[in-house]
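Okay, so here's the structure we're looking at.
Residue numbers (our numbering): 12 to 289.
Printed below as a string of structure tokens:
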């Protein structure tokens with residue numbers, strides 16, 4: 012982290028933290044927000060983990076097997092200890108497709124849908140492909156199986172399409188094989204993938220603290236290749252502290268009221284993966 016950024020972070024944390032004693036003794040938090048992270052180059056993953064542990068915050072990780080700054084990919088052996096530690100801390104996990112596969116359009120017919128797909132990772136990175144629903148489901152399931160192997164716990168029966176890009180046909184196909192899509196709230200787009208020259212960290216923090224409301228799903232990444240001034244951990248800890256000072260608490264998507272019925276569903280079709288709690 013740049014020295015100037017580090018000083019700024021500490022000042023914001025201390026200022027926001029001054030309000031925290033006002034929350035002491037609260038019987039329970041009634042203003043939950045749901046912080047989620049998609050995988051990325053993982054360069055900031057150790058810092059993210061330190062902040063979450065220090066602030067006693069649980070989040071949901073959506074994981075794909077992406078290229079990383081160190082090691083053999085975000086779901087590779089290099090990062091296996093990191094994922095195991097997050098599981099022990101009580102975080103939740105869900106699939107982001109194995110190949111970080113972007114939906115680019117629908118083909119086929121309503122009875123026999125096909126999807127234009129462009130993976131940003133894996134052996135077919137950058138290629139324009141046509142996938143059947145079965146192929147897309149297998150890509151979701153492959154990431155889920157790897158997550159279970161790494162964490163020792165079943166992932167949630169939820170997924171996030173890369174870029175949040177979907178269609179009704181894609182969502183229907185995923186639902187048919189056991190997956191419910193989770194996007195993010197408008198105010199929950201934390202902006203870490205935007206250019207840092209036009210969207211500096213201080214501005215992103217101010218915007219988030221102003222606009223986030225109870226029930227929002229928040230989204231950030233474990234490293235964005237294109238951002239020059241990393242969002243995490245510079246914004247992450249001041250954001251958490253600031254939201255706590257405003258009376259918010261943090262929960263995983265296990266506790267989200269919209270997905271409680273999903274959590275009670277039968278085992279995911281054809282994966283060998285059981286939803287959490289089963």
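Yeah, the Cβ is synthetic: ideal placement off N, Cα and C, and Gly gets one too.
Keep in mind that this is a model prediction, so the values were computed, not measured.
Inter-residue Cα distance where the pair is residue i and residue j
| i | j | result |
| --- | --- | --- |
| residue 86 | residue 77 | 7 angstroms |
| residue 224 | residue 198 | 8 angstroms |
| residue 274 | residue 51 | 26 angstroms |
| residue 57 | residue 119 | 43 angstroms |
| residue 114 | residue 179 | 12 angstroms |
| residue 94 | residue 162 | 6 angstroms |
| residue 207 | residue 175 | 21 angstroms |
| residue 133 | residue 148 | 16 angstroms |
| residue 236 | residue 214 | 20 angstroms |
| residue 168 | residue 254 | 28 angstroms |
| residue 242 | residue 84 | 21 angstroms |
| residue 157 | residue 258 | 36 angstroms |
| residue 218 | residue 212 | 10 angstroms |
| residue 188 | residue 228 | 24 angstroms |
| residue 184 | residue 105 | 17 angstroms |
Cβ shell of residue i (< 6 angstroms), same chain only, five flanking positions each side left out
| i | result |
| --- | --- |
| residue 136 | 130 |
| residue 272 | none |
Status (buried if at least 16 other CB within 10 Å, exposed otherwise) for residue i
| i | result |
| --- | --- |
| residue 248 | buried |
| residue 99 | exposed |
| residue 109 | buried |
| residue 222 | exposed |
| residue 81 | exposed |
| residue 269 | exposed |
| residue 166 | buried |
Residue i: first and last residue of the uninterrupted beta strand (DSSP E) it sits in
| i | result |
| --- | --- |
| residue 47 | 43-49 |
| residue 71 | 71-74 |
| residue 142 | 140-142 |
| residue 229 | 228-232 |
heavy atom of the ligand PLP below 6 angstroms from residue i C-beta
| i | result |
| --- | --- |
| residue 168 | Among the ligands in the structure shown, none appear at all, so the ligand PLP cannot be discussed. |
In DSSP terms, what residue i is bridged to
| i | result |
| --- | --- |
| residue 106 | 74, 170 |
| residue 111 | DSSP output for residue 111 lists no bridge partner at all. |
| residue 118 | 125 |
Neighbourhood of residue i by C-beta, 8 angstroms cutoff - its chain only, sequence neighbours within 5 removed
| i | result |
| --- | --- |
| residue 102 | 63, 69, 70, 71, 72, 263 |
| residue 141 | 118, 125, 126, 127, 128 |
Where the alpha helix (DSSP H) through residue i begins and ends
| i | result |
| --- | --- |
| residue 9 | Nothing in the structure corresponds to residue 9, since the chain is present only between 12 and 289. |
| residue 216 | 212-222 |
| residue 265 | Here residue 265 belongs to no alpha helix (DSSP H), and DSSP marks it neither H nor E. |
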